[in-house]
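Working notes, beginning with the structure itself.
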Amino acid sequence: MTADAEQGRSTEERGRTTASATPDEGVGAVLSRMARSLQELPDLAQTLQGVVDAAVANIRGADFAGITQIVDGIPRTTAGTDPLVGAVDEVQYETGQGPCLSAIADQATVSSADLATETRWPDFAQRTVDLGIRSMLAFQLFVRSKDVGALNLYSRAPGAFDAVDEQMGLLLASHAAVALVGAQELGDLQAALVTRDVIGQAKGMLMERFSLSGPAAFQLLVAASQATNRKLRDIAVSIAQEGPGQVGRIPTGGAPGLVEQAREADRSAPVRPAAGRAGEVRKPGPPRR
């Protein structure tokens, strides 16, 4: 950190930061302690907030910190230590330029020592200086070829960040990226399980209502999905919530046709012989009269 940056921080701020990272602690010890404390947080939202809080507490140059997450291809601020974080990020999103977006696009750590003289992002830089921010450091959140966003550090002073700050920021960015990807994968798994359950529920209701076998009831769901150009899961949710009569409101062909097709599939399905004990050969019964 430069002398100008140190002068730009109040005595209270410097005391707060050094209280978290004591002079007797080496960088390795601080990093290890931060990692352990973050692992104890129970969910994604608290983990991301813990990351930005840890950044401000342990990175001497950081007055503020935030996380930008890519949601459906759109950058959004999902954690921050101050409302100013959201204000600066909105400038980036509006102008389409800035350290955060460059870090995501270039898959690299991006810094600006003084936004007042910055030429890479002129529209963003001037508006951000007007908000009181002079330097920034942004880390891409990147796991297994998957871009998930950026960790952003902000300072009121120029030249606020040094190599040690970057080292600590990289660890926190890695932790945030792992947490985000883990949460996304868990969410995908939970969604798949919910879909399986709701389809099973709807299939059971159709089996009971229309006296169908399991395969025929599933085929009826597929036919309803195709007839309405809706996802099979959405059809299943409608049936589970409103009852099997929902199938009767299918606009293409109507329920009777679809149900009869499912019943015909049942009638034409080959009948499997009853299973006997291992090695047992069943003798044919007497002819029916």
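According to my numbering, the sequence shown is numbered sequentially starting from 675.
Using N, Cα and C, we set each Cβ at its ideal position, and we do this for glycine too.
Per-residue burial, residue i [other beta carbons within 10 Å of its own, 16 or more giving buried]
i, result
"K905", "exposed"
"D763", "buried"
"G888", "exposed"
"N903", "exposed"
"G754", "buried"
"V896", "exposed"
"R794", "exposed"
"A729", "buried"
"A834", "buried"
"R734", "buried"
Span of the alpha helix (DSSP H), counted from its first residue to its last, around residue i
i, result
"I913", "906 to 916"
"T793", "It is not in any alpha helix (DSSP H) - T793 carries neither H nor E in the DSSP assignment."
"L722", "718 to 732"
"I778", "773 to 780"
"L805", "Premise fails: L805 is in no alpha helix (DSSP H) and is neither H nor E."
"D788", "No alpha helix (DSSP H) holds D788; DSSP gives it neither H nor E."
"G760", "757 to 769"
Residue i, enclosing beta strand (DSSP E) - first and last residue
i, result
"A739", "738 to 745"
"R750", "748 to 754"
Cβ neighbours of residue i in the same chain (closer than 7 angstroms, five flanking residues each side left out)
i, result
"Q766", "G772, C774, L775, F798"
"F813", "A777, T783, A824, L825, G843, L844, A847"
"I924", "Caution is warranted here: a pLDDT of 48 is assigned to I924, below 50, making its placement in the model unreliable, and the coordinate value is therefore given only provisionally. The residues are A898, A901, T902, L932."
6 angstroms Cβ shell around residue i - same chain, five flanking residues per side excluded
i, result
"V933", "F884"
"A779", "none"
"A891", "K877, L880, M881"
"T769", "D797, F798"
"V911", "V872"
Proximal residues to residue i (C-beta, below 8 angstroms), its chain only, five neighbours per side dropped
i, result
"A790", "A799, V803, R808, P832"
Completely contained alpha helix (DSSP H) runs for the region 821 to 888, where each covers 4 or more residues: 837 to 884
Cβ contact check for the region 869 to 876 and the region 726 to 746: 3 or more pairs under 8 angstroms: no
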